[in-house]
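Asker: Using UniProt numbering, the letters of the sequence shown correspond one by one to residues 1 to 279.
All C-beta atoms in this analysis are idealised placements derived from N, C-alpha and C, irrespective of residue type, glycine included.
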Amino acid sequence: MAYDFLLHQGTKMELSQEHRRQLGLGAGVVYQLSQRITEANHMLYFNNYFTTYNLLELLAERKIHAAGTARVSRFARPPLQSDKEMAKKPRGSFDEVLEYRLDAERANIQTEDIQDLLHFKMNVAQCRSSINMKISIFAGVLLISAAVLSVDGQSWAEFQNKHIKEWMTAGQCTQVMRAKRIVNPPTQVNPRISCKTFNTFIITEDVNAVRAICGRGGAPYGNSMRISTATFPIVDCNLVNQNPPAVPYNCRYNGVPRYNRRIIVRCENGEPVHFHRSQ
1 MAYDFLLHQG TKMELSQEHR RQLGLGAGVV YQLSQRITEA NHMLYFNNYF TTYNLLELLA
61 ERKIHAAGTA RVSRFARPPL QSDKEMAKKP RGSFDEVLEY RLDAERANIQ TEDIQDLLHF
121 KMNVAQCRSS INMKISIFAG VLLISAAVLS VDGQSWAEFQ NKHIKEWMTA GQCTQVMRAK
181 RIVNPPTQVN PRISCKTFNT FIITEDVNAV RAICGRGGAP YGNSMRISTA TFPIVDCNLV
241 NQNPPAVPYN CRYNGVPRYN RRIIVRCENG EPVHFHRSQ
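1) Spatial neighbours of A246 within its chain, please: C-beta separation below 6 Å, excluding the five flanking residues on both sides.
2) Tell me the DSSP secondary structure of I263 in three-state form.
3) What are the partner residues of G255, as DSSP defines its beta bridges?
4) Cα-Cα, which of N254, I193, P186 and S155 is closest to Q172?
5) Grouping DSSP H, G and I as helix and E and B as strand, with all else coil, what is S278?
6) Measure the alpha-carbon distance for R216 versus L25 and round it to whole angstroms.
7) Between V265, M43, V240 and G270, which lies nearest to Q17 when the distance is taken from Cα to Cα?
8) Do you know offhand how far Q279's Cα is from I263's?
9) Please classify T51: is it buried, with 16 or more other beta-carbons within 10 angstroms of its beta-carbon, or exposed?
10) Checking the sheet assignment: what are the DSSP bridge partners for K165?
11) May I ask you to verify whether the segment 181-193 touches the segment 206-225, counting CB pairs closer than 8 Å and requiring at least 3?
12) Rounded to the nearest angstrom, what separates R20 and E166 at their Cα positions?
13) Hey, how far is the Cα of S82 from the Cα of R181?
14) Determine, using beta-carbon pairs with one atom in the segment 89-98 and one in the segment 60-69, whether at least three such pairs fall under 8 Å.
15) In the DSSP assignment, what are the bridge partners of E268?
16) Going by beta carbon distance, what residues of the same chain come within less than 6 Å of C127, once the five residues before and after it are set aside?
17) Where P272 and M86 are concerned, what is the direct C-alpha to C-alpha distance, given to the nearest angstrom?
18) For L6, report the span of its beta strand (DSSP E) as first-last.
19) Measure the C-alpha to C-alpha separation of N47 and R71 and round it to an integer number of angstroms.
20) What is the rounded straight-line gap between the Cα of G270 and the Cα of K162?
21) Just curious, the alpha helix (DSSP H) that A179 is in, first and last residue?
22) Specify the secondary structure class of S34 as computed by DSSP and reduced to three states.
23) Roughly how many whole angstroms lie between the Cα atoms of T200 and A157?
24) Rounded to whole angstroms, what's the CA-CA distance from V29 to I234? Just pull it up for me.
25) Measure from the alpha carbon of N184 to the alpha carbon of each residue in L55, Y31, F5 and R266, then state which is nearest.
26) Note down, in chain order, each residue of its chain lying with its Cβ closer than 8 Å to the Cβ of I37, except the 5 sequence neighbours on either side.
27) For E14, is the classification buried or exposed, using 16 other Cβ atoms within 10 angstroms of its Cβ as the cut-off for buried?
28) Counting along the chain, where does the alpha helix (DSSP H) carrying L56 start and finish?
29) Give me the Cα-Cα distance between S129 and P79, rounded to the nearest whole angstrom.
30) Per DSSP, what kind of secondary structure is E18 in: helix, strand or coil?
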């Protein structure tokens, strides 16, 4: 049974232009459809047309697991063996790059035989020496995103720096993102810092009003999250696509002001540590 879908009619598509600018067409479709998911621990699967690193980052922030094939060209020179080197190895051989972070674990795996992808994904931990899979001449990358549920990888102080601003206009996104040095940190897959695709600022002079969401100023929402009872003005900052792609701290952003928004966060020890979204 189809739960949700986006209609495509010639040149028209029911896809948010904001999501398309932020993530591109394929990843934007996945992210827009995922907006209906309000609880953590869901699993998404998609093929290489939809898989991008930024999409996996955004889904991991929302505690949504994802797995899919991906094109090597969409990553910043991941240290995987070349197709020529892999062709010399026996059937079932694989190469992998693991990325460990406080808030997520990613694995890039290049294999000689990539079929039965879901079976392979679910058993990756046991596949250290060999893989028994069907014959396929396609070599690609399987990307696995498994959010670690016990931590969000961010403190209350870091949340304040990343998501609270006493005052700003939508036109100041580039300036504020640069001043606060908000970027994607280096990883084993992307060994350099990179421009953050999307960030939301809650506009308030009273940080305690945001902290209160984890107490009397909020209500339970979804799986272990809280939604504010009060509303706030916010500014969404969307990365501008540049050619060649920008690198920090030359990232440019377009801002979108929004008003009377209820804030959804994840709390630890009575303080917000993860911004989920607004509504």
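Answerer: For this structure:
1) Residue numbering aside, residue 246 sits at position 246 when the sequence shown is read from its first letter. Closer than 6 Å at the Cβ level, and outside the excluded window around A246, lie C195.
2) Locating residue 263 in the sequence shown gives position 263, counting from the first residue. Looking at I263 - three-state DSSP - the assignment turns out to be strand.
3) For this step, residue 255 is matched to residue 255 along the sequence shown. Bridge partners of G255: C237.
4) Here residue 172 refers to the residue found at position 172 when the sequence shown is read from its first residue. For Q172, the nearest C-alpha among the options comes from N254.
5) Within the sequence shown, numbered from 1, the residue matching residue 278 stands at position 278. It is a strand residue.
6) For this step, residue 216 is matched to residue 216 along the sequence shown. For this step, residue 25 is matched to residue 25 along the sequence shown. Their Cα atoms are separated by approximately 40 Å.
7) Taking the first residue of the sequence shown as 1, we reach residue 17 at position 17. Residue V240 is the option with its Cα nearest to Q17.
8) For the purposes of this step, residue 279 is taken as the residue at position 279 of the sequence shown. For the purposes of this step, residue 263 is taken as the residue at position 263 of the sequence shown. Cα to Cα, the separation comes out at about 7 Å.
9) Within the sequence shown, the letter at position 51 stands for residue 51. So T51 ends up on the buried side.
10) Locating residue 165 in the sequence shown gives position 165, where the first residue counts as 1. I203.
11) no
12) Against the sequence shown, residue 20 aligns to sequence position 20. Against the sequence shown, residue 166 aligns to sequence position 166. If you take the alpha carbons of R20 and E166, they lie about 29 Å apart.
13) The residue given as residue 82 occupies position 82 in the sequence shown. The residue given as residue 181 occupies position 181 in the sequence shown. C-alpha separation (whole angstroms): 35 Å.
14) no
15) The residue given as residue 268 occupies position 268 in the sequence shown. E271.
16) On the sequence shown, residue 127 is found 127 positions in, with the first residue counted as 1. In this prediction, C127 has a pLDDT of 35, which is less than 50 and means its spatial position is unreliable; what the coordinates show is noted afterwards. Nothing meets the Cβ criterion.
17) Here residue 272 corresponds to residue number 272 of the sequence shown, with the count starting at 1. Here residue 86 corresponds to residue number 86 of the sequence shown, with the count starting at 1. Spanning the two alpha carbons is a distance of roughly 46 Å.
18) Taking the sequence shown and counting its residues from 1, the one referred to as residue 6 is at position 6. Note, L6: premise wrong, no beta strand (DSSP E); not H, not E.
19) Here residue 47 refers to the residue found at position 47 when the sequence shown is read from its first residue. Here residue 71 refers to the residue found at position 71 when the sequence shown is read from its first residue. Going from the Cα of N47 to the Cα of R71 covers about 10 Å.
20) Mapped onto the sequence shown, residue 270 falls at position 270. Mapped onto the sequence shown, residue 162 falls at position 162. Their Cα atoms are separated by approximately 18 Å.
21) The residue you call residue 179 lines up with position 179 of the sequence shown. C173 to A179 is the extent of the alpha helix (DSSP H) around A179.
22) As a first step, residue 34 is located in the sequence shown; it is residue number 34 there, counting from the start. If DSSP states are grouped into helix, strand and coil, S34 belongs with the helices.
23) Here residue 200 refers to the residue found at position 200 of the sequence shown. Here residue 157 refers to the residue found at position 157 of the sequence shown. Between T200 and A157, the C-alpha separation is close to 16 Å.
24) In the sequence shown, residue 29 corresponds to position 29, counting from 1. In the sequence shown, residue 234 corresponds to position 234, counting from 1. Cα-Cα distance, rounded: 24 Å.
25) Residue numbering aside, residue 184 sits at position 184 when the sequence shown is read from its first letter. Closest option to N184, Cα to Cα, is L55.
26) As a working mapping, residue 37 is identified with position 37 in the sequence shown. Cβ neighbours of I37 beyond the five flanking positions: R62 and I64.
27) Indexing the sequence shown from 1 puts residue 14 at position 14. Classification for E14: exposed.
28) Locating residue 56 in the sequence shown gives position 56, where the first residue counts as 1. Element bounds for L56: Y53 to E61.
29) One-based indexing of the sequence shown puts residue 129 at position 129. One-based indexing of the sequence shown puts residue 79 at position 79. In this prediction, S129 scores a pLDDT of 33, lower than 50, which makes its location untrustworthy; the coordinate-derived value is nonetheless stated afterwards. Looking at the two C-alpha atoms, the distance is approximately 19 Å.
30) Numbered from 1 along the sequence shown, position 18 holds the residue referred to as residue 18. Helix.
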